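S.K.: Got a structure here, written out as structure tokens. Questions coming.
2 protein chains.
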Amino acid sequence: MAESNALPLVVLAEHFAKLPGIGMKSAQRLAYFVMSMSDSEVKAFADAIVTAHKTVHECSICCNLTDKELCPICENPGRDGSVICVVESPKDVTAFERTKEYKGVYHVLHGLISPIDNVMPDSLRIKQLLARIQNGGVEEVIMATNPTVEGEATAMYISRLLKPLGVRVTRLAFGLPVGAVLEYADEVTLYKALENRNEI
Amino acid sequence: MAESNALPLVVLAEHFAKLPGIGMKSAQRLAYFVMSMSDSEVKAFADAIVTAHKTVHECSICCNLTDKELCPICENPGRDGSVICVVESPKDVTAFERTKEYKGVYHVLHGLISPIDNVMPDSLRIKQLLARIQNGGVEEVIMATNPTVEGEATAMYISRLLKPLGVRVTRLAFGLPVGAVLEYADEVTLYKALENRNEI
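What follows is the structure, encoded as structure tokens:
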């Protein structure tokens, strides 16, 4: 794009290229696409970016993103406040809500401990989680971070902080995904499935 | 994202999802990413979208995108105005400029004839091309559209319009790409390479 004839297009493409998963070639294509949009579409798009960034912030209880003081889940009296599901990001809340089975509340960490990426416990919403539990009424904390090195480390770290507070700490079950084919399962998953086997 | 807790985030994700090559999942990820940007980055991004759309328009000679009256290529007295390379889109100009070999000028069609997509000759910049040639001084027109059905049809259509004007009309050479392996070349490319063989 350095060879492009229109500087504002280059600037726009560079902005697109900063977004995750968008390389310089895609960014250039997106910039050209913006040229083909109508005036009103362009204005609405730019406004949506500014508005979302300005009005969306963290829920003062669970740290999920919301444009209100509290997110709809924390505000809902029908949710069971005694069970907190701890997740890495707001996307994970969306995933659990899709199951339509979980009736407890959430706590969003906004990241996982990863010293290699310079993400230390202090930059996560762990203090807020401890404060919620110290306020009382919480019986179980479900550690629902991803089954990755960082996810496991974060789950371990938080569970050690929580145990002395007398709260039950659980971890998501790991095993074969529904619909999986044994033959293609990786050995760690298969071992977990064997280890966590249940009576039928 | 329908289950999300923040409407402005849903709106923003829907805008991202309208961009080419971005599905709803990626759009959601991009919307979350915008949340992590600083105030100034967000403002600069939104401004870049509006500014590019407002200031970038077609060069009054070659129809390439530019933020000036003329694009830098048409304005450059060092370029050979007697040779016009006709391309589908501004991206193709960038590709040719990257070769650093071509010293002529361009004409950007902004599309290819494709009745199935309702793109007829009238919606391309063909009239502008004819006017340039009628103004005189043009000796050769290189049809540099893609070697696809639409690209070939467009090249044929335009060459028929140009022939009566007494201008030389040429087409890009087709053959094996440099570095290709014969074994994996498709039969049409191989046939073209055979047909257009040169003395060594």
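Chains as they are written, first to last, in this note's numbering: chain U, 2 to 201; chain C, 2 to 201. For each residue, glycine too, the CB sits at the ideal point set by N, CA and C. Computed from a prediction, not measured in an experiment: that's the story for all the values here.
1) Grouping DSSP H, G and I as helix and E and B as strand, with all else coil, what is C:Gly152?
2) Residues of chain C with a CB under 8 Å from the CB of U:Arg30: which are they?
3) If you follow the alpha helix (DSSP H) that C:His16 is in, where does it begin and where does it stop?
4) Give the DSSP bridge partners of U:Glu59, in chain order.
5) Among U:Gln29, U:Asn147, U:Glu89, whose alpha-carbon lies nearest the alpha-carbon of U:His111?
6) How many Å lie between U:Cys72 and C:Ala53 at the Cα?
7) Can you name, in chain order, every residue of its own chain whose Cβ lies under 7 Å from the Cβ of C:Ala156, other than the five neighbours on each side?
8) Verify the CB distance criterion: does U:Val182 have a CB-CB separation below 7 Å to chain C?
9) What does the alpha-carbon distance come out to for the pair U:Val142 and U:Gly152?
10) Please compile the residues from chain C whose C-beta is within a distance smaller than 8 Å of the C-beta of U:Met38.
11) Check the Cβ of C:Lys44 against every Cβ in chain U and list those closer than 8 Å, keeping chain order.
12) Going by beta carbon distance, what residues of the same chain come within less than 6 Å of C:Ala3, once the five residues before and after it are set aside?
13) Give the DSSP-derived three-state secondary structure of C:Cys72 in the structure shown.
14) Are there 16 or more other CB atoms within 10 angstroms of the CB of C:Leu125, so buried, or fewer, so exposed?
15) Under a three-way DSSP split, which group does U:Asp123 fall into?
16) Identify, in the order they occur along the chain, each residue of the same chain with its Cβ nearer than 8 Å to the Cβ of C:Thr56, setting aside the five sequence neighbours on each side.
17) Is U:Leu31 closer than 7 Å to C:Leu20 when the C-beta atoms are compared?
18) Do you know whose CA, among C:Glu98, C:Cys64, C:Val120, lies nearest C:Arg80's CA?
19) What's the gap between the Cα of U:Gln135 and the Cα of C:Ile50?
20) On the CB-based measure, 16 or more other CB atoms within 10 Å of its CB, does U:Ile62 come out buried or exposed?
21) If the cut is a Cβ gap below 9 Å, which residues of chain U does C:Asp68 touch?
22) Going along chain C in order, which residues have a C-beta closer than 7 Å to the C-beta of U:Ala47?
23) Which residues in chain U sit within 7 Å of C:Ser27, going by Cβ to Cβ distance?
24) Apart from the five residues on each side of it in sequence, which residues of its chain come closer than 7 Å, Cβ to Cβ, to C:Lys104?
25) Assuming U:Asn65 and U:Tyr107 form a contact by the criterion Cβ under 8 Å, report the distance between their Cβ atoms to the nearest whole angstrom.
26) Between which two residues does the beta strand (DSSP E) containing C:Val87 stretch?
M.R.: The short version:
1) Taking the first residue of the second sequence as position 1, residue 152 of chain C is located at position 151. Three-state DSSP puts C:Gly152 in a helix.
2) Residue 30 of chain U sits at position 29 when you count from the first residue of the first sequence. Those within 8 Å of U:Arg30 in chain C are Pro21, Gly22, Lys92.
3) Here residue 16 of chain C refers to the residue found at position 15 of the second sequence. Element bounds for C:His16: 8-18.
4) Looking up residue 59 of chain U in the first sequence gives position 58. Partner(s): U:Leu66.
5) Numbered from its first residue, the first sequence carries residue 111 of chain U at position 110. Among U:Gln29, U:Asn147, U:Glu89, the Cα nearest to that of U:His111 is on U:Glu89.
6) As a working mapping, residue 72 of chain U is identified with position 71 in the first sequence. As a working mapping, residue 53 of chain C is identified with position 52 in the second sequence. In a straight line, the C-alpha of U:Cys72 is about 36 Å away from that of C:Ala53.
7) Locating residue 156 of chain C in the second sequence gives position 155, counting from the first residue. The answer, listed in chain order, is Met144, Thr146, Arg172.
8) Residue 182 of chain U sits at position 181 when you count from the first residue of the first sequence. So no, U:Val182 is outside the interface.
9) Counted from its first residue, the first sequence places residue 142 of chain U at position 141. Counted from its first residue, the first sequence places residue 152 of chain U at position 151. Each residue's Cα considered, the two are about 15 Å apart.
10) In the first sequence, the residue the question calls residue 38 of chain U occupies position 37. Neighbours of U:Met38 on chain C, chain order: His54.
11) Your numbering for residue 44 of chain C matches position 43 in the second sequence. Within chain U, the residues near C:Lys44 are Val51.
12) Here residue 3 of chain C refers to the residue found at position 2 of the second sequence. Residue confidence for C:Ala3 is low, a pLDDT of 44 falling below 50, so the modelled location carries little weight and cannot support an answer.
13) Residue 72 of chain C sits at position 71 when you count from the first residue of the second sequence. In this structure, C:Cys72 counts as coil in the three-state DSSP scheme.
14) Here residue 125 of chain C is taken as the residue at index 124 of the second sequence, counted from 1. By the neighbour-count rule (16 or more Cβ atoms within 10 Å), C:Leu125 is buried.
15) For the purposes of this step, residue 123 of chain U is taken as residue 122 along the first sequence, with counting starting at 1. Of the three classes helix, strand and coil, the one that applies to U:Asp123 here is helix, per DSSP.
16) On the second sequence, residue 56 of chain C is found 55 positions in, with the first residue counted as 1. Contacts found: Asp68.
17) Indexing the second sequence from 1 puts residue 20 of chain C at position 19. Indexing the first sequence from 1 puts residue 31 of chain U at position 30. Cβ atoms of C:Leu20 and U:Leu31: closer than 7 Å.
18) Locating residue 80 of chain C in the second sequence gives position 79, where the first residue counts as 1. Checking every option, the nearest Cα to that of C:Arg80 belongs to C:Glu98.
19) Along the first sequence, read from residue 1 onward, the residue named residue 135 of chain U stands at position 134. Along the second sequence, read from residue 1 onward, the residue named residue 50 of chain C stands at position 49. C-alpha separation (whole angstroms): 47 Å.
20) Counting from 1 along the first sequence, the entry for residue 62 of chain U is found at position 61. It counts as buried.
21) As a working note, residue 68 of chain C is residue 67 in the second sequence. Those within 9 Å of C:Asp68 in chain U are Asn6, Ala7, Leu8, Pro9, Leu10.
22) Within the first sequence, residue 47 of chain U is the residue found at index 46, counting from 1. Here the neighbours are Ala47, Ile50, Val51.
23) By one-based count along the second sequence, residue 27 of chain C stands at place 26. What C:Ser27 touches in chain U: Gly22.
24) On the second sequence, position 103 is the one that residue 104 of chain C refers to. Result list for C:Lys104: Arg80, Asp81, in chain order.
25) Working through the first sequence from its first residue, we reach residue 65 of chain U at position 64. Working through the first sequence from its first residue, we reach residue 107 of chain U at position 106. 6 Å between Cβ atoms; contact.
26) Mapped onto the second sequence, residue 87 of chain C falls at position 86. Where C:Val87 is concerned, the enclosing beta strand (DSSP E) stretches over 81-88.
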